[in-house]
Amino acid sequence: FVALNIGIEFLGFCLLLLSAILIGIWAYRGGHKGILVLQFFYATAGIIGMIRWF
Numbered sequence: 011f012v013a014l015n016i017g018i019e020f021l022g023f024c025l026l027l028l029s030a031i032l033i034g035i036w037a038y039r040g041g042h043k044g045i046l047v048l049q050f051f052y053a054t055a056g057i058i059g060m061i062r063w064f
C-alpha cells in the first residue's frame, strides 16, 4: 500500500525503522555482525525518509 502513493509514506518509513531496530536486536543477540551492519543502513534510510516526508 505504501507504494501506491496514497499518503502513508511516513508510516512506511516508520515500519522500515522499526523492522531495522528489531532485526538489529536479533542480529546483535545472535552474533550476526553482517546483518547488524546492514540494519544500520536500513535504520538510516528510515530516519532520512521520515525527516523528508514529515
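Once you know that position 45 of the sequence shown is 55 in the numbering used here, the rest is easy, because the numbers rise by one and skip nothing. The beta carbon of each residue, even a glycine, is placed where N, CA and C say it ideally should be.
**Three-state secondary structure assigned by DSSP to residue 59** = In the sequence shown, residue 59 corresponds to position 49, counting from 1. Looking at residue 59 - three-state DSSP - the assignment turns out to be helix.
**Item:** Three-state class that DSSP yields for residue 45 in the structure shown
**Value:** Taking the first residue of the sequence shown as 1, we reach residue 45 at position 35. In this structure, DSSP gives residue 45 a helical state, which the three-state scheme calls helix.
**Prompt:** Just to confirm, are residue 37 and residue 56 a CB contact at a threshold of 8 Å?
**Reply:** As a position in the sequence shown, residue 37 is number 27, starting the count at 1. As a position in the sequence shown, residue 56 is number 46, starting the count at 1. Not closer than 8 Å, so no.
**Asked** Thinking just about the alpha-carbon of each residue, which of 54, 20, 17 and 16 is nearest to the one in residue 34?
**Response** If you number the sequence shown from 1, residue 34 lands on position 24. That would be 54, whose Cα lies nearest to the Cα of residue 34.
**Message:** On a Cα-Cα basis, can you pick out the residue from 43, 25 and 20 that is closest to residue 62?
**Reply:** Counting from one through the sequence shown, the residue named residue 62 turns up at place 52. The shortest C-alpha to C-alpha distance from residue 62 to any of 43, 25 and 20 is the one to 20.
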